[in-house]
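For the sequence shown, our numbering gives the first residue as 26, with consecutive numbering after it.
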Amino acid sequence: MTPTAVDAPDFPERYRVIQSRDRRFDGQFVTAVRSTGIYCRPSCPARTPKEENVTFYATSAAAHEAGYRACKRCLPEAAPGSPLWDVRQDVVARAMRLIADGVVDREGVPGLARRLGYSSRHLTRLLTAELGAGPLALARAHRAHTARALLVGTDLSSADVAFSAGFSSIRQFTDTIGEVFGMTPSALRSRRSATARSEAAAGEIDLALPVRGPIDTVGLFGWMRAHAIPGVEVGDDRSFARVLRLPGGPAWFEVRRADDGKLRLRARLTALADLGTLIARVRRLFDLDADPLAIDGALARHPELAPAVAAIPGVRVPGAMDADEMLLRAMIGQQISVASARTMQGRLAAELGEPASVAPEPMTLFPPPAVIAERGLEVLRGPAARMRAIVETAGALADGSLEIGPGDDGAEQRERLLAMRGIGPWTADYVRMRVLGDPDVLLPGDVAARAGAAQLGLPSDPAGFAAWSQRLAPWRSYAMAHYWYAAPVTQAWRSPAETAATAAVTRPRRRAAAVDVVANGITVAFDDVAPAPDAAAPAPGASGAPAPHGPRATAARDAASASAAAVRAASASATPRLEAVRAAPAPRPGSTTLPDAESETPA
Numbered sequence: 026m027t028p029t030a031v032d033a034p035d036f037p038e039r040y041r042v043i044q045s046r047d048r049r050f051d052g053q054f055v056t057a058v059r060s061t062g063i064y065c066r067p068s069c070p071a072r073t074p075k076e077e078n079v080t081f082y083a084t085s086a087a088a089h090e091a092g093y094r095a096c097k098r099c100l101p102e103a104a105p106g107s108p109l110w111d112v113r114q115d116v117v118a119r120a121m122r123l124i125a126d127g128v129v130d131r132e133g134v135p136g137l138a139r140r141l142g143y144s145s146r147h148l149t150r151l152l153t154a155e156l157g158a159g160p161l162a163l164a165r166a167h168r169a170h171t172a173r174a175l176l177v178g179t180d181l182s183s184a185d186v187a188f189s190a191g192f193s194s195i196r197q198f199t200d201t202i203g204e205v206f207g208m209t210p211s212a213l214r215s216r217r218s219a220t221a222r223s224e225a226a227a228g229e230i231d232l233a234l235p236v237r238g239p240i241d242t243v244g245l246f247g248w249m250r251a252h253a254i255p256g257v258e259v260g261d262d263r264s265f266a267r268v269l270r271l272p273g274g275p276a277w278f279e280v281r282r283a284d285d286g287k288l289r290l291r292a293r294l295t296a297l298a299d300l301g302t303l304i305a306r307v308r309r310l311f312d313l314d315a316d317p318l319a320i321d322g323a324l325a326r327h328p329e330l331a332p333a334v335a336a337i338p339g340v341r342v343p344g345a346m347d348a349d350e351m352l353l354r355a356m357i358g359q360q361i362s363v364a365s366a367r368t369m370q371g372r373l374a375a376e377l378g379e380p381a382s383v384a385p386e387p388m389t390l391f392p393p394p395a396v397i398a399e400r401g402l403e404v405l406r407g408p409a410a411r412m413r414a415i416v417e418t419a420g421a422l423a424d425g426s427l428e429i430g431p432g433d434d435g436a437e438q439r440e441r442l443l444a445m446r447g448i449g450p451w452t453a454d455y456v457r458m459r460v461l462g463d464p465d466v467l468l469p470g471d472v473a474a475r476a477g478a479a480q481l482g483l484p485s486d487p488a489g490f491a492a493w494s495q496r497l498a499p500w501r502s503y504a505m506a507h508y509w510y511a512a513p514v515t516q517a518w519r520s521p522a523e524t525a526a527t528a529a530v531t532r533p534r535r536r537a538a539a540v541d542v543v544a545n546g547i548t549v550a551f552d553d554v555a556p557a558p559d560a561a562a563p564a565p566g567a568s569g570a571p572a573p574h575g576p577r578a579t580a581a582r583d584a585a586s587a588s589a590a591a592v593r594a595a596s597a598s599a600t601p602r603l604e605a606v607r608a609a610p611a612p613r614p615g616s617t618t619l620p621d622a623e624s625e626t627p628a
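Now the structure itself:
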């Protein structure tokens, strides 16, 4: 094997994978066959090649650079992306996240290197040594992937496909498709099935999103529906849509679950060249490149979590479309209820945002940091010190003194955020979870997560919660999702939209005014309580935390009994604890609303 191929110790394992045609590994490496000159995804249905003819590469770009073409039968470019770029937090993973976001196409290799803190030459050496291809080749492979999706999934002209995928000319597009796939664009398009044809309206792009299943779309759409900013976002049981700014101008997109269970993306763009960036950000928002079988398998090994994992397979941790917006939404959501946070965010959009004419219905773009820095105090309501902290952070984002994004080093990003007034450990770590897609973030100060942990029979005090959860590394972000989803106070967030709306209107309040607490001058009800800014963490979702939904114990037992023997045994041992916790009296407000509060309200 070549030095840029998968190391020799991993060869037997990879070869067993392609012998079994295991789809779980699609997107994690490719198989190059010297006797045919092609490369395939691990699950390719073709006859398994002889060992002496096989070379494994970490990326399709490395196979391109070595002279191989993509298999016409399994189309490895159609596989979901590798989950490694979220699991790993080194410079190679950070570079891959930025390349997918289109940084090389917009800023060139020097721009990518600047964002990562390396010289262009050093970065190229690093990527070539590990992945077998430099940043230009990796970006080229990403453009080819986008172009293939458009050719087989839309009716766009070849010229529109070329520029939508990020190519600078039609000739460059045609040459790349020929080199990568061994056929012309028209020949590649002719191979699509009738079911792959787009149903997009004029001016729209409609295509399928490759997914590594299983995926908890009920939880994803429920969470996004519950936290949608009025006028900016809209969601229901099967879809989520919003408007946002992309490098080439405003865009609108909708992700929906089709009747066949697949996810489809519908989009309207100001600039077609932004499509690759939009697809990458949508994939991050829905966490589509996660490896759910590996995550579920690791978490289900622990008896206390096995029933929850069995009840909700393929749980996802939503990402962020815009890092600056994510941070400001998190700060706005501090210390107030989810409904109040949405109201304030919606007011910001209505009064400071701009109409998005690209959307098929009236929608408004969330205001950029510069506008919030200039006029935010006219709109924001709450303690003056906290409002000033939000405006100051917006100003720092606007003038560049604070920069955050998916290519950040996690530790450095956290340090930068903690240096800002009004931002503490909860917000800094939560932003790391959402913006970087870090799979191993635990939020010990999160009240709802600890309440969910109690439902699962786990320690619910911050120290005990953190200590017990250490065993779940490197998947603690996904454990957080299960904790949130087990919290009883937010069951309606996972319910159908009509049911949730009815519950919000008809649900009796637990206890009377006595359960309302006053925290730093803001009165919040027990049902919707959120802690002091970043102290015990906002109510889940007030700053964007995934929507808790808490599976019922009986459902968990039924699901667990249908799983493997280990999961069944785990379910049997955990069920009594679940029932005991549910039978216990409701916790006192003072013990669940603001425990161990570390006030970060700016002075």
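All residues carry an ideal CB built from backbone N, CA and C; glycine is no exception.
Fair warning: this is a prediction, and the values are worked out from it, not measured in the lab.
query: On the three-state DSSP scale, how would you describe residue 629?
result: An answer regarding residue 629 cannot be provided, because it is not within the stretch 26 to 628 covered by the chain.
- request: Ignoring anything shorter than 4 residues or poking outside the stretch 193-218, list the alpha helix (DSSP H) runs there in chain order.
  value: Taken in chain order, the complete alpha helix (DSSP H) segments of 4 or more residues contained in the stretch 193-218 are 195-206 and 210-215.
- request: Kindly list the residues whose CB is nearer than 8 Å to the CB of residue 338, restricted to its own chain and excluding five residues on each side of it in sequence; keep chain order.
  value: These residues qualify, in order along the chain: 239, 241, 317 and 321.
- prompt: Hey, residue 351 and residue 405 are a contact pair by Cβ (cut 8 Å); roughly how many whole angstroms apart?
  reply: Distance from residue 351 to residue 405 at the Cβ level is roughly 17 Å; contact not present, criterion being Cβ atoms closer than 8 Å.
query: Which partner residues does residue 58 have in the DSSP bridge list?
result: Residue pairing of residue 58 in beta bridges, as defined by DSSP: 63 and 79.
query: Within 10 angstroms of its Cβ, does residue 41 collect 16 or more other Cβ (buried), or is it exposed?
result: By the C-beta density criterion, residue 41 is exposed, having fewer than 16 other C-beta atoms within 10 angstroms.
query: Roughly how many whole angstroms lie between the Cα atoms of residue 457 and residue 434?
result: Cα to Cα, the separation comes out at about 9 Å.
query: For residue 452, which three-state DSSP category applies?
result: DSSP places residue 452 in helix when its eight states are reduced to three.
- prompt: Just reading off the alpha helix (DSSP H) that residue 290 is part of, what are its end residues?
  reply: Where residue 290 is concerned, there is no enclosing alpha helix (DSSP H), although the beta strand (DSSP E) it sits in stretches over 288-294.
- prompt: Just how far apart, CA to CA, sit residue 251 and residue 518?
  reply: Looking at the two C-alpha atoms, the distance is approximately 6 Å.
field: From 461, 455 and 414, residue whose alpha carbon lies closest to that of residue 430
entry: Of 461, 455 and 414, the residue nearest in Cα terms is 461.
task: Drop a sphere of 10 angstroms on the beta-carbon of residue 488, count the other beta-carbons inside from all chains shown, and report buried for 16 or more, exposed for fewer.
output: Taking all protein chains in view, the Cβ of residue 488 is surrounded by fewer than 16 other Cβ atoms within 10 Å, so the residue is classified as exposed.
query: Is residue 172 helix, strand or coil when you go by DSSP?
result: Residue state for residue 172 is assigned as helix, using DSSP reduced to three classes.
message: Against chain D, with Cβ distances strictly below 8 Å, would residue 246 count as a contact?
response: The structure shown contains no chain D, having only a single protein chain.
query: In the DSSP assignment, what are the bridge partners of residue 281?
result: 264 and 289, per the DSSP bridge assignment.
query: Over what stretch of residues does the beta strand (DSSP E) that includes residue 88 continue unbroken?
result: Premise fails: residue 88 lies in the alpha helix (DSSP H), 85-90, not in any beta strand (DSSP E).
message: Does residue 177 come out as helix, strand or coil in the three-state DSSP assignment?
response: Helix, per DSSP.
task: Return the residue from the list 328, 315 and 373 that minimises the CA-CA distance to residue 341.
output: A check of alpha carbon separations from residue 341 across 328, 315 and 373 identifies 315 as the nearest.
field: Span separating the alpha-carbon of residue 291 from that of residue 403
entry: Rounded to the nearest whole angstrom, the C-alpha separation of residue 291 and residue 403 is 36 Å.
- prompt: Out of curiosity, what's the CA-to-CA distance linking residue 173 and residue 512?
  reply: Rounded to the nearest angstrom, the two C-alpha atoms are 42 Å apart.
task: Quick one: residues in its chain with C-beta nearer than 6 Å to the C-beta of residue 598, no 5 flanking neighbours on either side, listed in chain order?
output: Note that residue 598 has pLDDT 36, beneath the 50 cutoff, so the model's placement of it is unreliable and no number is given.
message: I believe residue 483 touches residue 490 by the beta-carbon criterion, under 8 Å. Please report the beta-carbon distance rounded to the nearest angstrom.
response: With a contact defined as Cβ atoms closer than 8 Å, residue 483 and residue 490 qualify at about 7 Å.
message: Report the CB separation of residue 343 from residue 459 in whole angstroms; it is logged as a contact under 8 Å.
response: Between residue 343 and residue 459 a beta carbon distance of about 7 Å is seen, short of the 8 Å cut, so the two are scored as contacting.
field: Identified DSSP bridge partners for residue 51
entry: Residue 51 is bridged to 54.
query: Which residues mark the beginning and the end of the alpha helix (DSSP H) in which residue 352 is found?
result: 348-357 is the extent of the alpha helix (DSSP H) around residue 352.
query: By how many angstroms is the C-alpha of residue 504 removed from the C-alpha of residue 466?
result: So the alpha carbons of these two residues sit roughly 9 Å apart.
query: Going straight from the alpha carbon of residue 105 to that of residue 56, what length do you get?
result: So the alpha carbons of these two residues sit roughly 16 Å apart.
query: Do you know how far the Cα of residue 313 is from the Cα of residue 101?
result: C-alpha of residue 101 to C-alpha of residue 313: approximately 16 Å in a straight line.
- prompt: residue 61 to residue 92, Cα distance in whole Å?
  reply: The straight-line gap from Cα to Cα measures roughly 11 Å.
- request: Count the CB pairs spanning the stretch 302-311 and the stretch 123-139 that are closer than 8 Å, and state whether there are at least three.
  value: Under the Cβ criterion (8 Å, minimum of three pairs), the stretch 302-311 counts as touching the stretch 123-139.
- prompt: Where does the unbroken beta strand (DSSP E) through residue 230 begin, and where does it stop?
  reply: Note, residue 230: beta strand (DSSP E), 230-233.
message: In this structure, how does DSSP classify residue 123 when only helix, strand and coil are distinguished?
response: It is helical.
task: Tell me whether residue 487 sits in a helix, a strand or coil according to DSSP, three-state version.
output: Helix.
message: Between which two residues does the alpha helix (DSSP H) holding residue 480 run?
response: 472-480 is the span of the alpha helix (DSSP H), which, as asked, contains residue 480.
field: Local Cβ density within 10 Å of residue 470, reported as buried at 16 or more and exposed below that
entry: Using a 10 angstroms sphere on the CB of residue 470, the tally of other CB atoms reaches 16 or more, which defines it as buried.
message: Please report the straight-line C-alpha distance between residue 474 and residue 438, rounded to a whole angstrom.
response: About 23 Å.
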